[in-house]
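One structure is given below, encoded as structure tokens.
In the working numbering, the protein residues as written are 2 to 316.
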């Protein structure tokens with residue numbers, strides 16, 4: 002078997018030079034096939050407040066230049082045990098949400114058709130729905146851990162069914178989620194009404210708030226999440242606004258009282274060995290960022306997701 006082609010050697014080419022693929026990895030068209038493809042979706046037409054997440058994929062790639070090939074926290078070299086490649090961006094219609102959702106689903110399904118697993122960089126959270134559809138085509142109804150300040154199970158905005166606040170209600174309605182294994186993590190902030198929580202509970206979601214993480218601690222939260230998802234095929238959807246604005250100011254709908262970047266990364270690392278089949282990190286809006294705080298955090302989240310897939314592959 003051919004050895005995976007890894008990142009550009011930073012001892013020969015400075016990190017700030019050369020094309021900004023994710024972690025300076027090869028493009029998908031430069032390798033025979035990929036076990037994991039990192040793909041961008043520069044789409045933010047579904048946002049309800051501040052736009053700008055369409056520039057998230059390029060910002061996260063730029064911030065990922067500093068990533069290195071060995072992950073000591075998980076004791077894995079994610080680029081040596083699997084072929085990881087940058088699949089570029091899925092170009093979709095910025096003026097028609099319904100058409101964009103269809104385009105993303107078709108492109109994600111095509112990328113994953115040969116068994117390649119996707120780590121997707123958004124874009125706004127609308128893109129989670131077509132990505133979940135593509136994953137469910139391969140694995141049937143899947144478990145979901147949704148990291149976010151918000152529930153994203155609202156019904157419509159201004160009559161629109163597909164927005165960044167509705168993807169998981171649509172996914173439940175379409176039967177592509179395993180409703181015995183769903184959980185939000187990091188939620189907080191005001192809601193429209195208590196009914197939002199009642200509706201969410203009826204859909205099957207458990208809730209671990211950011212306050213729960215603070216009071217119970219990472220290890221207890223991880224244990225509860227692992228019990229909930231079991232061995233089911235798992236998808237992780239991570240809105241960067243799960244982090245407190247101190248750790249991720251560059252996002253469209255910030256809420257005070259969020260997770261630290263350390264807490265988020267440690268929860269993800271606690272999922273090592275889970276049956277992860279795909280993931281996304283979304284809602285990075287670099288125009289509101291400071292010193293690349295948000296894109297750096299998101300690049301490390303994506304790196305941990307790739308590393309979890311490497312452990313899944315070798316376990």
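The beta-carbon is built from N, C-alpha and C at its ideal position, and this holds for glycine as well.
Just so we're clear, the structure is a prediction, and the values are computed from it rather than from any experiment.
- Cβ-Cβ distances below 6 Å link residue 46 to 95 and 98 in the same chain, with the five nearest sequence neighbours on each side left out; the list follows chain order.
- Contact between the stretch 35-46 and the stretch 85-95 is present: 3 or more CB-CB pairs across the two stretches fall below 8 Å.
- When C-alpha distances from residue 279 are compared across 120, 172 and 20, the shortest belongs to 120.
- When C-alpha distances from residue 308 are compared across 288, 290, 68 and 149, the shortest belongs to 68.
- In the DSSP assignment, residue 158 forms a beta bridge with 161.
- Annotation for residue 298: 241, 244, 248, 249 and 262 place their beta carbon closer than 7 Å to its own, counting only its chain and skipping 5 residues before and after.
- Bridge partners of residue 184 according to DSSP: 146 and 207.
- In the three-state reduction of the DSSP assignment, residue 220 falls in the helix class, which pools H, G and I.
- 256 is the residue among 273, 134, 256 and 233 whose C-alpha sits nearest the C-alpha of residue 210.
- Here residue 54 is near residue 124, since their CB atoms are less than 8 Å apart.
- If you draw a straight line from the Cα of residue 290 to the Cα of residue 206, it comes to about 31 Å.
- In the assembly as shown, residue 304 is a buried residue. Its beta-carbon has 16 or more other beta-carbons within 10 Å.
- In this structure, the alpha-carbon of residue 155 lies about 11 Å from that of residue 161.
- For residue 127, the closest of 163, 115 and 116 by C-alpha to C-alpha distance is 163.
- When beta bridges are read from the DSSP output, residue 236 appears opposite 145 and 279.
- Sixteen is the threshold: when 16 or more other Cβ atoms of the shown chains lie within 10 Å of the Cβ of residue 85, as they do, the residue is buried.
- Taking the Cβ atoms as the reference, residue 7 lies roughly 4 Å from residue 80, within the contact range of under 8 Å.
- The three-state secondary structure of residue 121, taken from DSSP, is strand.
- Its chain contains 29, 84, 85, 86 and 117 as the residues whose beta carbon lies nearer than 7 Å to that of residue 35, once the 5 sequence neighbours on both sides are disregarded; these appear in chain order.
- Of the residues assessed, residue 231 falls on the exposed side of the cut-off, its CB having fewer than 16 other CB atoms within 10 angstroms.
- When the five nearest sequence neighbours on each side are left out, the beta carbons in the same chain lying within less than 7 Å of the beta carbon of residue 152 are those of 185, 188, 197 and 201, in order along the chain.
- Under the DSSP definition of a beta bridge, residue 28 partners with 87.
- In this structure, residue 137 lies near residue 177, with their beta-carbon atoms less than 8 Å apart.
- CA-CA distance, residue 143 to residue 238, rounds to 12 Å.
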